[in-house]
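2 protein chains.
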Amino acid sequence: MYKCSLDRMSDKINTFAKYGDAGHGGITRYSLSPEAHQARDEFVKRMKAIGATIETDDLANMYATLPGTEPNAKRIVMASHVDSVRNGGNYDGILGVMVGMEVLETVAAENIPHKHPLTAMIWTNEEGSLYPPAMMSSGVVCNDYLPEAIGKKFKLENMLASKSVLDKTTTFGDALNASPYKGDKKNRLNADEYMAMFELHIEQGPILEDAGNEIGVVTCVLGMFNYRIRFYGQSDHAGTTPMHKRQDALFAAAKALCYMHEEIDKLGRPELVYTTGEIVCHPCVHTVIPDLIDFSIDVRHEDPAVRQQVLDIVKSLDGKVIERCRGEVELAWQRDTVYFDKELVEFVKQSADELGFKNQYIPSGAGHDAQFASYMMPTTMIFVPSKDGHSHCEPEFTTPEECTAGASVMLNAVLKADKK
Amino acid sequence: MYKCSLDRMSDKINTFAKYGDAGHGGITRYSLSPEAHQARDEFVKRMKAIGATIETDDLANMYATLPGTEPNAKRIVMASHVDSVRNGGNYDGILGVMVGMEVLETVAAENIPHKHPLTAMIWTNEEGSLYPPAMMSSGVVCNDYLPEAIGKKFKLENMLASKSVLDKTTTFGDALNASPYKGDKKNRLNADEYMAMFELHIEQGPILEDAGNEIGVVTCVLGMFNYRIRFYGQSDHAGTTPMHKRQDALFAAAKALCYMHEEIDKLGRPELVYTTGEIVCHPCVHTVIPDLIDFSIDVRHEDPAVRQQVLDIVKSLDGKVIERCRGEVELAWQRDTVYFDKELVEFVKQSADELGFKNQYIPSGAGHDAQFASYMMPTTMIFVPSKDGHSHCEPEFTTPEECTAGASVMLNAVLKADKK
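Quick note, the sequences are listed as chains U and W, same order. For the first sequence, numbering that gives the first Met the number 0 assigns the number 0 to the initial residue and increments by one for each residue that follows. For the second sequence, numbering that gives the first Met the number 0 assigns the number 0 to the initial residue and increments by one for each residue that follows.
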């Protein structure tokens, strides 16, 4: 078994944490921002130092490749992203890039024989924090392989027109054109030249930590659905409208929300997750009774039958009248569970076992570029623990030892794939 | 008993409804906008036609005065506003101005003898829709008489600096300087030159309509308090955080809101009104558990003991932990019940009775300029019915007959005050 270097991994973690440092333990590193370009420059510098070839494609996705010994063998790619959410942490995305680099550095330093070219890759704009949506580049690159409804959302022309959420003017296309890393479409990840993709990521939840495990062997990305639930009331004056005549959409929505929690909890599925993260109120004035509340519900579970049970509860609100307000339920989007390549999953499992790392099978509740890539080629993921389960925030933390363990599992799983 | 003219009243209603017509039955007529200036021009035209003297003060409040027969007698003023909320109706504010005009027109047309000068007045920026806060000019003009906490909020320099909610740049001071109706500070409403103020307004609630009454004899403006209630959670990932570990601030707030309704309803006070009109969510992303919900509660009742009972329920949420989220309760502002001048209230009551209009005593749940004026001089209000209780919206409606009935009550009540 080969092992990666704790010192080299720690040095990378400390170095990349500077690019976009927000001054209180985390980073803000929007895709294609100056800070993200600093991180890309560092990637180039370190990859050139070990003799890797650097390529970029038309979406500024970056590829650093060490050649293999077998002529014409397809590449194996380890890919993640360097961009972050606003006031995010030092691990989401960038850890997967650093692990790809670490694997190549270990292969180069120890002269590890391999037939296939090995590539460390950066996906552009995975978070979609500045230019929505998330997983933008993998959505474009894998577009021809995606289910139709998803593929339609990620058409290149729509993505290039996506506007900055900050200035509402600059488009993703503008940012790409201004980037020194915009390259050639022919360099895109593709099924002819690549045989497999691996992505290491922090778990972003507390499951590995709570179980005392060091490695998550990811089996799938959970199927999910996202609905909007609305209640329509009547906006009357706060001081002049008797309570018994009110059509208060916020009170109706609060009752509906409590009702849904009660009903969904009755299903007795502790592994089910559901979230009402967004709520919009109209007119949202303290002296006016709200006439519209619109909130989101995001529901995730591997089993479509369980998702259907939840959907039945959500849909029971459609047309329901609560506090004289009418409910309405509308599908925003949904996706089936995406299963990773069984053989690659087992390569990860075997590597973790052989290295002696405590591990478990785990689904991914979050979406990742790997999920789109899996429609194009055999793909899988590796998780490492997130302290207290936090992510997309500054307290996000994974120990250097856990990061290095993840890199070692990646290295050995890639070498198993290389031997196929 | 004198009576006002249904024809003349109807003509004014139809004419003023054009200024700011939003094309679907209502108006948008922000204070000092071109549309509001059209309404002011119409006011000037009609008041000059009956020989009234026009004055304006430094806040562009407008005064049209017919002289009385007694030299040096103080003026009696009938005041309201011409500005509206966005997509408001054709009655809120403007009806009070039209009634003031109608009273003067009736006095002029019928040569009704009166000792005191009679003034129809327009308050600038009552709604505060474009330049917050509401009741801005009466807050400035009556400032020296207001309770300290309220007076502090309405200091002239702060009001002049209030920025447009639309362009976030133009100040109320800029708008005033651009108005042809900005005049001299010496013309402001004051206690030396004015003996009483009357304000007619639509009820903005369904009480008169439900009781089959044509006139509301307003006794007071309800005391109220406004609090912010916050719940602090933890923003974790929607897909990766098990339900039993979540600190979901929205779920906590929804439970708190339902709890408050239950507890307040137990007080058994059908005349009590309370409203949670505004809700803010952070980060408000459908894939993230909310870590902060901040909502308003506005509570109104005449009796301070009843308000205190509600406040005890609201305050019980301070420090309370619901769904692992901590509650916090903070006072935004409060005011005591403001009672109108007993003698003027009885003049209104007697006039309505003598004219044969079905009437009742009624508190005002909404705030009005009259409430600030009442700290400076004897003041009272007259209500007319609001169809279905709607206001601050396009379906706002009061029949021409009801409007004219209100004007006739105003005329006779003013004449009773004139005879004092």
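No residue lacks a Cβ here, since even glycine has one placed at the ideal position from N, Cα and C.
Exercise. Taking Cβ to Cβ, would you say Thr274 (chain W) is nearer than 8 Å to Phe294 (chain W)?
Worked result: no
Problem set entry | Terminal residues of the alpha helix (DSSP H) in which Arg187 (chain U) lies | No alpha helix (DSSP H) contains Arg187 (chain U), which DSSP labels as neither H nor E.
Problem set entry | Pairwise C-alpha distance: Thr55 (chain U) and Asp183 (chain U) | 7 Å
For this session: Please confirm if Glu433 (chain W) has its CB atom under 8 Å from at least one CB of chain U.
Result: Within the shown structure, residues of chain W are numbered from 0 to 419, placing residue 433 (chain W) beyond reach of any answer.
Problem set entry | As assigned by DSSP and simplified to three states, the class of Gly87 (chain W) | strand
Exercise. Leu316 (chain W) CB to nearest chain U CB: under 8 Å?
Worked result: no
For this session: Tell me, please, whether the stretch 398 to 416 of chain W touches the stretch 378 to 385 of chain W by the rule of three or more beta-carbon pairs shorter than 8 Å.
Result: yes
For this session: Could you name the residues of the stretch 230 to 247 of chain U whose beta carbon sits closer than 9 Å to any beta carbon of chain W, in the order they occur along the chain?
Result: Gln233, Ser234, Asp235, His236, Ala237, Gly238, Thr239, Thr240, Pro241, Met242, His243, Lys244, Arg245 and Asp247
Exercise. Using a Cβ cut-off of 7 Å, which residues of the stretch 290 to 320 of chain U contact any Cβ in chain W, in chain order?
Worked result: Ser295, Asp297 and Arg299
Exercise. To the nearest angstrom, how far is it from the Cα of Thr397 (chain W) to the Cα of Ile201 (chain W)?
Worked result: 8 Å
Exercise. From this set, U:Gly87, U:Thr239 and U:Leu291, which residue's C-alpha is nearest Cys324 (chain U)'s C-alpha?
Worked result: U:Leu291
Exercise. What is the residue span of the alpha helix (DSSP H) that Ile49 (chain U) lies within?
Worked result: No alpha helix (DSSP H) holds Ile49 (chain U); DSSP gives it neither H nor E.
For this session: Give the range of the beta strand (DSSP E) segment to which Asn176 (chain U) is assigned.
Result: Looking at the DSSP string, Asn176 (chain U) is not in any beta strand (DSSP E); the run it does join, the alpha helix (DSSP H), is Phe171 to Ala177.
Exercise. Alpha helix (DSSP H) containing Gly129 (chain U): first to last residue?
Worked result: First, the residue type needs correcting, since residue 129 (chain U) is Leu and not Gly in the sequence shown. Here Leu129 (chain U) belongs to no alpha helix (DSSP H), and DSSP marks it neither H nor E.
For this session: Counting only the same chain and skipping the five closest in sequence on each side, list residues whose C-beta sits under 6 Å from that of Gln37 (chain U).
Result: Tyr18
Problem set entry | Where Thr168 (chain W) sits in the DSSP three-state scheme | coil
For this session: For chain W, find out if any of its Cβ atoms is closer than 8 Å to the Cβ of Lys254 (chain U); answer yes or no.
Result: yes
For this session: Would you kindly report the start and end of the unbroken beta strand (DSSP E) that includes Val279 (chain U)?
Result: Ile278 to His281
Problem set entry | Short-range partners of chain W found in the stretch 349 to 372 of chain U, where Cβ spacing is below 7 Å | Gly364 and Ala365
For this session: Rank W:Gly87, W:Glu353, W:Val220 and W:Cys283 by C-alpha distance to the C-alpha of Gln233 (chain W) and give the top, closest one.
Result: W:Cys283
For this session: Spell out whether any CB of chain U is found under 8 Å from the CB atom of His113 (chain W).
Result: no
Exercise. Where Ile111 (chain U) and Arg74 (chain U) are concerned, what is the direct C-alpha to C-alpha distance, given to the nearest angstrom?
Worked result: 16 Å
For this session: Would you decide whether Trp332 (chain U) is buried or exposed? Buried here means 16 or more other CB atoms lie within 10 Å of its CB.
Result: exposed
Problem set entry | Integer Cβ distance of His23 (chain W) from Asp417 (chain W), believed to fall under 8 Å | About 42 Å; that fails the 8 Å criterion.
For this session: Take Leu316 (chain U) and list the residues in its own chain whose beta-carbon comes closer than 7 Å to its own, dropping the five residues that flank it on each side.
Result: Ile228, Ala255, Gly326 and Val328
Exercise. At what residues does the beta strand (DSSP E) containing Cys324 (chain U) begin and finish?
Worked result: Cys324 to Arg334
Exercise. Given 8 Å as the limit, is there contact between the stretch 354 to 364 of chain U and the stretch 209 to 218 of chain U, that is, 3 or more CB pairs closer than that?
Worked result: yes
For this session: Identify whether Asp452 (chain U) lies in helix, strand or coil by the three-state DSSP scheme.
Result: Limits of chain U in this structure are 0 at one end and 419 at the other, which puts residue 452 (chain U) out of reach.
Exercise. Where does Leu330 (chain U) land, buried or exposed, given buried means 16+ other C-beta within 10 angstroms?
Worked result: exposed
For this session: Find the residues of chain U that neighbour Cys257 (chain W), judging by a C-beta separation of less than 7 Å, and give them in chain order.
Result: Ala253, Lys254 and Cys257
Exercise. Comparing alpha-carbon positions, which option in W:Lys151, W:Leu129 and W:Tyr130 lies nearest Gly138 (chain W)?
Worked result: W:Lys151
Problem set entry | Secondary structure of Gly215 (chain W), DSSP reduced to three states | strand
Problem set entry | Buried or exposed by the 16-neighbour rule on C-beta atoms within 10 Å, applied to Glu353 (chain W) | exposed
Exercise. From Gly222 (chain W) to Arg306 (chain W), what distance separates their C-alpha atoms?
Worked result: 8 Å
Exercise. Do His80 (chain W) and Val98 (chain W) have their C-beta atoms within less than 8 Å of each other?
Worked result: no
Exercise. Tell me the DSSP bridge mates of Arg74 (chain U)?
Worked result: U:Tyr193
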